[in-house]
């Protein structure tokens, strides 16, 4: 996943928290009710819910009006040690060509980075939480015995509560925060392909805007049907938001 998060803060201390890039391997387990997913239409509702986790690394920029923007890079082990709490879940309800979709993510974490000697602080630290959720509908406009393609539209809400702090040097203890909420309208395509009775692939791409300048979400997942009611999925997801206020 790539999460680009442009957040503008209190002018006294903070110009912006510029860019976070999070590369993610998405792992999930899905529980299905009714029958296992099939590209062909069904006459009854089919429900799926999937808690999931992200194996993440961050590569991006943190910025402060007094120290400029500085590159930050953290490995997966760094992220694990600094995540205080995270919860992620997605789900789908489908009947015939119609589907209802939801996705929820909560991350409470922090990241810090040393600053070069020419700036009046030794370290910059960003900490806080990001909450985002998507609710949408889909309609299958093309399908055959192995594949399906849906058009999807919905709303994604965002809430960010982030603090930026300088440590060490003349600017030790200076901080600023941002607490913002907004909603974006998103639309795109979602596809499904069945390789055989056990393995399948799910992919989607959504773009939009609203409160944010841009907002997009793309993923490619491989699914392993272990039983008719239990599926394991692994893949890659990129989620981006560019919010400027």
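Residue numbers (mature numbering (1 follows the signal peptide of the UniProt record, and there is no 0)): -34 to -1, 1 to 211. Yeah, the Cβ is synthetic: ideal placement off N, Cα and C, and Gly gets one too. Computed from a predicted structure; not experimentally measured.
Collapsed DSSP secondary structure at residue i in the structure displayed
{"i": "residue 210", "result": "coil"}
{"i": "residue 194", "result": "coil"}
{"i": "residue 85", "result": "coil"}
{"i": "residue 62", "result": "coil"}
{"i": "residue 138", "result": "coil"}
{"i": "residue 9", "result": "coil"}
{"i": "residue 110", "result": "coil"}
{"i": "residue 179", "result": "coil"}
{"i": "residue 187", "result": "strand"}
{"i": "residue 201", "result": "strand"}
Test item: CB-CB of residue i and residue j under 8 Å
{"i": "residue 79", "j": "residue 97", "result": "no"}
{"i": "residue 181", "j": "residue 152", "result": "yes"}
{"i": "residue 177", "j": "residue 148", "result": "yes"}
{"i": "residue 64", "j": "residue 18", "result": "no"}
{"i": "residue 121", "j": "residue 142", "result": "no"}
{"i": "residue 184", "j": "residue 199", "result": "no"}
{"i": "residue 93", "j": "residue 150", "result": "no"}
{"i": "residue 10", "j": "residue 91", "result": "no"}
{"i": "residue 155", "j": "residue 103", "result": "no"}
{"i": "residue 75", "j": "residue 99", "result": "no"}
Close Cβ partners of residue i (< 7 Å) along its chain, the five nearest in sequence each way excluded
{"i": "residue 57", "result": "14, 15, 16 and 68"}
{"i": "residue 2", "result": "Residue placement at residue 2 is flagged as unreliable, the pLDDT there being 43, under the threshold of 50; a coordinate-derived value is accordingly withheld."}
{"i": "residue 201", "result": "-9, 185, 186, 187 and 188"}
{"i": "residue 87", "result": "33, 81, 132, 133, 134, 135, 137 and 138"}
Close beta carbons around residue i, own chain, < 8 Å, minus the five adjacent residues each side
{"i": "residue 89", "result": "78, 79, 80, 81, 132, 133 and 134"}
{"i": "residue 113", "result": "5, 157, 158, 159 and 160"}
{"i": "residue 163", "result": "191"}
{"i": "residue 175", "result": "150, 151 and 181"}
Span of the beta strand (DSSP E), counted from its first residue to its last, around residue i
{"i": "residue 165", "result": "165 to 176"}
{"i": "residue 148", "result": "141 to 160"}
{"i": "residue 123", "result": "113 to 133"}
Proximity test, residue i beta-carbon vs the ligand GDP heavy atom, cut-off 7 Å
{"i": "residue 108", "result": "No copy of the ligand GDP occurs in the structure displayed, which carries no ligand at all."}
Neighbourhood of residue i by C-beta, 6 Å cutoff - its chain only, sequence neighbours within 5 removed
{"i": "residue 72", "result": "53 and 97"}
{"i": "residue 55", "result": "17 and 70"}
{"i": "residue 146", "result": "126"}
{"i": "residue 166", "result": "160 and 189"}
{"i": "residue 107", "result": "117"}
Neighbour flag for residue i against chain C, beta carbons, 8 Å
{"i": "residue 165", "result": "Going by chain labels, chain C is absent from the structure shown, which holds only one protein chain."}
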